[in-house]
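Peer 1:
Residue numbers (the numbering used here): 74 to 474.
#1: Under 6 Å Cβ to Cβ from residue 306, same chain only, skipping five residues before and after it: list those, please.
#2: Would DSSP call residue 351 helix, strand or coil?
#3: Is there contact between the stretch 420-434 and the stretch 350-366, where contact requires at least three CB pairs shorter than 8 Å?
#4: Tell me the residue span of the beta strand (DSSP E) that contains residue 250.
#5: With a threshold of 6 Å on Cβ separation, who are the neighbours of residue 354 within its own chain once the five nearest residues in sequence on each side are excluded?
#6: Could you tell me which of 323, 431, 264 sits nearest to residue 408, measuring between CA atoms?
#7: Does the distance from the CB of residue 185 to the CB of residue 318 come in under 8 Å?
#8: What whole-angstrom Cβ distance do residue 302 and residue 218 have, given they're in contact under 8 Å?
#9: Could you tell me the distance, in whole angstroms, from the CA atom of residue 266 to the CA atom of residue 298?
#10: Are the stretch 250-261 and the stretch 221-230 in contact at 8 Å, needing three or more beta carbon pairs?
#11: Express the C-alpha separation of residue 369 and residue 195 in angstroms, rounding to a whole number.
#12: Relative to the C-alpha of residue 201, which residue among 221, 193, 189 is closest?
#13: Enumerate in chain order the residues of its own chain whose CB-to-CB distance from residue 398 is below 8 Å, with the five nearest sequence positions on each side excluded.
#14: How many whole angstroms separate the CB atoms of residue 387 and residue 441, which I take to be in contact at a CB cut-off of 8 Å?
#15: Can you tell me where the beta strand (DSSP E) holding residue 285 begins and where it ends?
#16: For the putative contact between residue 400 and residue 452, defined by C-beta atoms under 8 Å, what is the C-beta separation to the nearest angstrom?
#17: Beta carbon of residue 373, beta carbon of residue 336: below 8 Å?
#18: By the three-class DSSP mapping on this structure, what secondary structure does residue 365 have?
#19: Can you list, in chain order, the residues of its chain with a C-beta nearer than 6 Å to that of residue 132? Leave out the 5 residues immediately preceding and following it.
#20: Tell me which residues share the same chain as residue 162 and place their Cβ nearer than 6 Å to its Cβ, disregarding the 5 neighbours each side in the sequence.
#21: How many angstroms separate the CA atom of residue 213 from the CA atom of residue 191?
#22: Please name the residue or residues paired with residue 221 in a DSSP beta bridge.
#23: Express the C-alpha separation of residue 371 and residue 277 in angstroms, rounding to a whole number.
#24: Starting from residue 232, follow the beta strand (DSSP E) in both directions and report where the run begins and ends.
#25: Let me confirm a value: residue 455 is counted as buried when at least 16 other C-beta atoms fall within 10 Å, else exposed. Which label applies?
#26: Look at the alpha carbon of residue 208 and the alpha carbon of residue 198, and state the distance between them as a whole number of angstroms.
#27: Nearest by alpha-carbon distance to residue 291: which of 465, 273, 351 is it?
#28: Return helix, strand or coil for residue 468, following the three-state DSSP convention.
#29: So, using beta-carbon positions, are residue 237 and residue 259 closer together than 8 Å?
#30: Check for me: the beta strand (DSSP E) holding residue 271 runs from which residue to which?
#31: Can you tell which of 271, 402, 210 has the C-alpha that lies nearest to the C-alpha of residue 313?
#32: On the criterion of 16 or more Cβ atoms from any shown chain inside 10 Å, does residue 134 qualify as buried, or is it exposed?
#33: Can you list, in chain order, the residues of its chain with a C-beta nearer than 8 Å to that of residue 434? Leave out the 5 residues immediately preceding and following it.
#34: Within its chain, find whatever has a CB closer than 7 Å to the CB of residue 420; leave out the 5 residues flanking it on each side and keep chain order.
#35: Exposed or buried, residue 403, counting other C-beta atoms within 10 Å across all chains shown (16 or more means buried)?
#36: Are the beta-carbon atoms belonging to residue 375 and residue 338 less than 8 Å from one another?
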């Protein structure tokens, strides 16, 4: 098996393409056991090729020039994605319990292509979601990055800038951003509609865990939106990552099968199956000191409930690290010192129903919180540590009463 991980950015058809990893099987070459190319240019015949798992082609012929790093697409036929790789929609099962969603085990990062410094030269993102994060760099003083992506009317998306290098927050600048004159640092994302009218911006970092900034929007029209990303201060340089996440019940919604991230916001809540045997082993992820971050990790989960149904949510086998340090503030009307996990339940409209400020469990249960559904729909469970630098593992289960 030979693997090409180098990016060939331009083909002779004038279409920008990137291949993150190309694996090509070759027959063994006698005792040498390596493929033999006839000089610097050779033709590869591939039975199947995908571009970011969005476009699929069969009977592909690619001419590679190993000296210049360029390729020529000689021929290909459009094909359907293999059944095993088709995205799975996150939909309720017959009893109203969300099914296990698609995961991010096959995530393939998209490299930023420089020159994307204006609306007209915006880099096109052909795929969205946790499986298609963008890895980018503010590489020069005053660097501005533009991206373009398609949205569908009525669908909701969450934009996250994550793993943002600390260097990008080292300097601040005072000016009016969004109508508020004060010092700002870090990154400034601004979203525009297809006519390049500003829709939304995030002036100050507001992320949780290793997310630097985020905001949620709903597309008004099926069209192409554009995103501008730049640092507030012109003099800072550093790397960042970007992902545009569909809502939990929309195509391309996906989560890690081990950490259940990204589930920082309720629009990206991970679906839980109800029952004692459906407990999940999860974690409050630590804030990486190499990245610019603000608040502790928040985990969001959801269940489908019918009006009148009652549930008990239990957090058990909670790591001691999550309770080692407390913080004093007002939680639920009581100003005191709190430690451990802080769970809340929200209704289908995102309004808080109940919260549990203090641990109240018995045995291996750290905290439990009960609620009754007032209407049919999705109910959300959000959990975070009281102390913003806490991290550690925990388990969660939802039991119908």
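Glycine residues also receive a C-beta, built at the ideal position from the N, C-alpha and C atoms.
Peer 2: Judging by the given coordinates:
#1: 244, 246
#2: helix
#3: no
#4: 245-250
#5: 468
#6: 431
#7: no
#8: 5 Å
#9: 5 Å
#10: no
#11: 33 Å
#12: 221
#13: 412, 460, 462, 463
#14: 5 Å
#15: 284-291
#16: Actually they are not in contact, since the Cβ atoms of residue 400 and residue 452 sit about 27 Å apart, beyond 8 Å.
#17: yes
#18: coil
#19: 150
#20: Interpretation of residue 162 is limited by its pLDDT of 37, a score under 50 that renders its predicted location unreliable; the figure taken from the coordinates is listed afterwards. Taken in chain order, the list of residues that qualify is empty.
#21: 15 Å
#22: 197, 299
#23: 18 Å
#24: 229-235
#25: buried
#26: 12 Å
#27: 273
#28: strand
#29: yes
#30: 271-274
#31: 210
#32: exposed
#33: 387, 388, 389, 440, 441
#34: 426, 447, 452
#35: exposed
#36: no
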